[in-house]
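Inspection log for the structure reproduced underneath, given as C-alpha cells.
In our numbering, the protein residues as written are 70 to 167.
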C-alpha cells in the first residue's frame, strides 16, 4: 500500500478564510473521508465521505475533492482536529486547526 500523508499537520485560520487540507501519496483511486473532532475524547463527526459527499447536517462550506478537504469561509466553530482516512490505506492523518 502507498503511504498516505496529511498536509499541513496544524494551521491557524481566521473567520472567513478558505482552508485546504490534503491527504496525498495514495493512488488516485483512493476513497477518502474527512472527520472532525471538536472535543478531545469525543467521537469524531464525518464531514465528507466518498471523497466529496457531505452527510446531512454538515454545512455547505465543507467540500471535498479527491484527497482535499476545503472549508470555504471558516467559522469559529470549525476549530477542531481533522482526520483524513482512506478505505485503501491503514493510515489516518491528523490535523489541528485553531
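Positions of the beta carbon are idealized from the N, C-alpha and C atoms, including for glycine. All of these numbers come straight from a predicted model, not from anything done at the bench.
Once you ignore the five residues that flank residue i on each side, which residues in its own chain have a CB closer than 8 angstroms to its CB?
i           : result
residue 123 : 116, 117, 129, 131, 132 and 133
Name the residue from the options whose alpha carbon lies nearest to the alpha carbon of residue i.
i           : options          : result
residue 135 : 145, 155 and 127 : 155
residue 81  : 153, 152 and 143 : 143
residue 148 : 105, 138 and 112 : 105
Output the distance between the C-alpha atoms of residue i and residue j, rounded to the nearest integer angstrom.
i           : j           : result
residue 120 : residue 140 : 14 angstroms
residue 71  : residue 108 : Residue placement at residue 71 is flagged as unreliable, the pLDDT there being 46, under the threshold of 50; the coordinate-derived value follows with that caveat. Going from the Cα of residue 71 to the Cα of residue 108 covers about 31 angstroms.
Excluding five sequence neighbours on each side, which residues of the same chain lie with their C-beta closer than 7 angstroms to the C-beta of residue i?
i           : result
residue 127 : 116
residue 145 : 84
residue 113 : 104, 105, 106 and 152
residue 111 : none
Have a look at the DSSP bridge pairing and note the partners of residue i.
i           : result
residue 89  : 139
residue 132 : 139
Following the continuous beta strand (DSSP E) through residue i, name the residue where it begins and the one where it ends.
i          : result
residue 99 : Note, residue 99: premise wrong, no beta strand (DSSP E); not H, not E.
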